[in-house]
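Scroll down for the structure; my scribbles are underneath it.
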Amino acid sequence: MLKTLMDHYQHLVSQMSGYFPSSFATEDYPDIKYLFAFSDIDTQAFEMPFSYYNQIYINPYVMRPLSKGYLTINSTDPFAAPLIYPRLLTNPKDREILLQGHLKAMEIATTETFQDAGYILDETKYEGCEEEEFGSREYFSCVLTKYVDIAHHFSGTCKMGPSNDKEAVVDPRLRVYGVKYLRVVDASIIPQIPSGNTNAPAIMIGEMASDIIKQDYNKI
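Now the structure itself:
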């Protein structure tokens, strides 16, 4: 079983990442993350006009976005799915950071190192942005308008905060305000998105929650 797991994690779609500061950040606290994804047309997440051969994707992500989405109930049925509004790039700063991330990704893709390895930059334009010059700010701005997406790590929908914070859902001991005997223990309580994946913080939250619950109920 362990060997199977190790084999799986040695062949992920993305085996390498990197970081870069936009003009709004510093080198010791970058705000752009890159995933270098090794993939082919069969593993595309979107229907994009790429060529048929295997490629390397350099995907930039804004690590600490300022844009805020929200969710709300959809009906009185407690089992009905909620309405989710991500509101991606509604903050102009996020758009500029991601735009800089794409421009830097193109620089990386055209470095001598990549050229020596035999890689060629695919200049196939995204559908709907054909009129813009490939690689220009205008081109990537068009791409962001049509193809931007989330990066899986949902968080902050049940924000932790003080009782006088109107956006706060849980208190510092993870108890839901206004509801007895109910706690939230997952990444949704994170008040500010961390600079990176949320798996480790979620594990930490679970560990802390177990200690808090034991303290509150004095079981151990």
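Using the UniProt record's numbering, you'd call the opening residue of the sequence shown number 1 and step up by one each time.
Where a beta carbon is used, it is the ideal one built from N, C-alpha and C, also for glycine.
(request) Report yes or no: do three or more beta-carbon pairs, one from the stretch 99 to 116 and one from the stretch 131 to 149, lie closer than 8 angstroms? (result) They touch, by the three-pair rule.
(request) Per DSSP, which residues does methionine 160 bridge with? Please list them. (result) Sequence index remark: in the sequence shown, residue 160 carries index 160 (1-based). Methionine 160 is bridged to Val170.
(request) Find the nearest neighbour of isoleucine 73 within the set Asn218, Tyr85, Glu133, judged by alpha-carbon distance. (result) Residue 73 sits at position 73 when you count from the first residue of the sequence shown. Among Asn218, Tyr85, Glu133, the Cα nearest to that of isoleucine 73 is on Tyr85.
(message) Going by DSSP in three states, tyrosine 177 sits in which element: helix, strand or coil?
(response) Residue 177 sits at position 177 when you count from the first residue of the sequence shown. Secondary structure of tyrosine 177 (DSSP, three-state): coil.
(request) From the DSSP output, in three-state form, read off arginine 95 for me. (result) Along the sequence shown, one-based indexing puts residue 95 at 95. Three-state result, arginine 95: helix.
(message) Tell me the DSSP secondary structure of phenylalanine 114 in three-state form.
(response) Numbered from its first residue, the sequence shown carries residue 114 at position 114. When DSSP states are grouped into helix, strand and coil, phenylalanine 114 belongs to the helix group.
(message) Would the stretch 156 to 163 count as touching the stretch 186 to 193 if we require 3 or more Cβ pairs under 8 angstroms?
(response) Counting C-beta pairs with one atom in each stretch, the stretch 156 to 163 and the stretch 186 to 193 have three or more that are closer than 8 angstroms, which means they touch.
(message) Within a Cβ cutoff of 8 angstroms, which residues of the same chain sit near glycine 196, ignoring the five residues on either side of it in sequence?
(response) Locating residue 196 in the sequence shown gives position 196, counting from the first residue. The residues are Lys33, Met63.
(request) My understanding is that isoleucine 120 touches phenylalanine 24, with C-beta atoms under 8 angstroms, so please give their C-beta distance in whole angstroms. (result) Along the sequence shown, one-based indexing puts residue 120 at 120. Along the sequence shown, one-based indexing puts residue 24 at 24. Not a contact, Cβ separation roughly 32 angstroms.
(request) Measuring alpha carbon to alpha carbon, tell me which of Glu133, Ile212, Pro172, Pro21 ends up nearest tyrosine 61. (result) Within the sequence shown, numbered from 1, the residue matching residue 61 stands at position 61. Closest in alpha carbon position to tyrosine 61, among Glu133, Ile212, Pro172, Pro21, is Pro21.
(message) For a test of the three-state rule: what should DSSP assign to threonine 72, helix, strand or coil?
(response) By 1-based counting over the sequence shown, the position of residue 72 is 72. It is a strand residue.
(request) Kindly indicate the opening and closing residues of the alpha helix (DSSP H) around isoleucine 205. (result) Within the sequence shown, numbered from 1, the residue matching residue 205 stands at position 205. It spans 199 to 217 - the alpha helix (DSSP H) in which isoleucine 205 sits, taken as one unbroken run.
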